[in-house]
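A.B. asks: Numbering (our numbering), first residue to last: 2 to 184.
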Amino acid sequence: MSNRLPRVNQYLGGLFDLSGMSVVVTGASQGLGRQIATALANAGAHVLVTARREVQLEEVVNEITAAGGSATAVPVDLTKEGAAETLLAATLEKSGQVDVLVNNAGVSPFVQEPQAYSEDDWDKIFDLNLKATFFCARAFGEWMINEGRGGSIINLGSVAGLHSIRGVSAYAASKAGVVQLTR
């Protein structure tokens, strides 16, 4: 009886080989973003990890490089005006190219009734979950188009953006915006 698994692994490995690619992952200091960055590095990409938390970003870079991958920390607060352009410039300075942008940065929901949200709470959620996604996609997309190389932009939404979930109205509305922006 022959074992076909090595051939299957070789085939799948070829599908997911990102060698020579430069990938930016926002919100990569923890959670899903950290896991995405690690997986992309394992697939051979040079990963540029970005978030506000510089110490945690360095930990991610150290984990990736210790496992034999390639990563660079680019600390940026994406809620600030001009941050997307700053991130793009830093990315190009450090890697010279961008093949993929993973728009993962986001604020998890404050679980509370709508009347309990302050305007500041609402703005914090929308600034990171929706505005940062839009401005990063615009800046990186424009660069990809102008370079004529193409590329991919992956925006992370949420089931909360598709279906009503009690207690997370601001989060759900921001993720619904991401879904519509992406469509």
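Quick reminder that beta carbons are idealized off the backbone N, C-alpha and C, glycines included.
In three-state terms, what does DSSP make of T87?
C.D. replies: DSSP places T87 in helix when its eight states are reduced to three.
A.B. asks: Looking at C-alpha atoms only, which residue of S30, N147, S175 is the closest neighbour of Q98?
C.D. replies: Out of S30, N147, S175, N147 has the C-alpha closest to the C-alpha of Q98.
A.B. asks: Measuring CB to CB, does V75 end up less than 9 Å from V50?
C.D. replies: Result yes, Cβ atoms of V75 and V50 sit closer than 9 Å.
A.B. asks: Helix, strand or coil for V56 per DSSP?
C.D. replies: Helix.
A.B. asks: Counting Cβ pairs, one atom from each stretch, are 3 or more of them under 8 Å apart for the segment 60-79 and the segment 33-47?
C.D. replies: Because the criterion of three Cβ pairs below 8 Å is met, the segment 60-79 and the segment 33-47 touch.
A.B. asks: Using alpha carbons as the reference points, say which of A46, D78, V77, E82 lies closest to A68.
C.D. replies: The candidate whose alpha carbon is nearest that of A68 is A46.
A.B. asks: Which parts of the segment 131-163 are runs of the alpha helix (DSSP H), unbroken and 4 residues or longer, counting only runs that do not cross its ends?
C.D. replies: Within the segment 131-163, the complete alpha helix (DSSP H) runs of at least 4 residues are 133-148.
A.B. asks: Would you mind sorting R5 into buried or exposed? The rule is 16 or more other CB atoms within 10 Å of its CB.
C.D. replies: Confidence is the limiting factor: at R5 the pLDDT is only 46, short of 50, which leaves the residue's position unreliable, though a coordinate-based value still follows. R5 is exposed by the Cβ-count criterion.
A.B. asks: Just to confirm my understanding: we take T232, look at its own chain, exclude 5 residues before and 5 after, and list those with CB closer than 8 Å. What are they?
C.D. replies: Because the chain spans 2 through 184 in this model, residue 232 falls outside it and cannot be assessed.
A.B. asks: For N104, which residues does DSSP report across the bridge?
C.D. replies: DSSP lists N156 as partners of N104.
A.B. asks: DSSP state of S170, grouped into three classes?
C.D. replies: In the structure shown, S170 sits in a helix (DSSP, three-state: H, G or I).
A.B. asks: Got a sec? Which residues, its chain only, sit under 8 Å from T66 by beta carbon, not counting five neighbours each side?
C.D. replies: Within the same chain, T66 has close Cβ partners A72.
A.B. asks: Using the rule of at least 16 other Cβ atoms within 10 Å of the residue's Cβ for burial, across every protein chain shown, is S23 buried or exposed?
C.D. replies: Under this definition S23 is a buried residue.
A.B. asks: Which two residues bound the contiguous alpha helix (DSSP H) that contains A38?
C.D. replies: Taken as a continuous stretch (DSSP letters only), the alpha helix (DSSP H) holding A38 covers 32-43.
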